[in-house]
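In this note's numbering, the protein residues as written are 1 to 70. Only one structure is covered here, and it is reproduced in the block below.
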């Protein structure tokens, strides 16, 4: 991935929209991907499906603005 705004980050953000953490996984951030997946699942279960979208949006944003150099 080249950095913020790159095609790779846009793809990662789109993947994270469907499954939180999947975009981070494609970027090679294994721990972050695991945390996003677990927190997303917990939010969906605990809130009966209403707060899970917060994790989806946060995961998309995190994947879109990630810069390998930072």
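All C-beta atoms in this analysis are idealised placements derived from N, C-alpha and C, irrespective of residue type, glycine included.
Excluding sequence positions up to five away, which residues of its chain have a Cβ less than 8 Å from the Cβ of residue 1? Confidence is the limiting factor: at residue 1 the pLDDT is only 45, short of 50, which leaves the residue's position unreliable, though a coordinate-based value still follows. The residues are 8, 9, 12, 27, 66 and 68.
Hey, residue 47 and residue 20: beta-carbon distance below 8 Å or not? no
Among residues of its own chain, excluding the 5 on either side of residue 36, which ones have a beta-carbon nearer than 8 Å to its beta-carbon? 16, 20, 21, 24, 55, 58, 59 and 62
Compute the beta-carbon to beta-carbon distance between residue 52 and residue 40, rounded to the nearest angstrom, for a pair I have assumed lies under 8 Å. 6 Å
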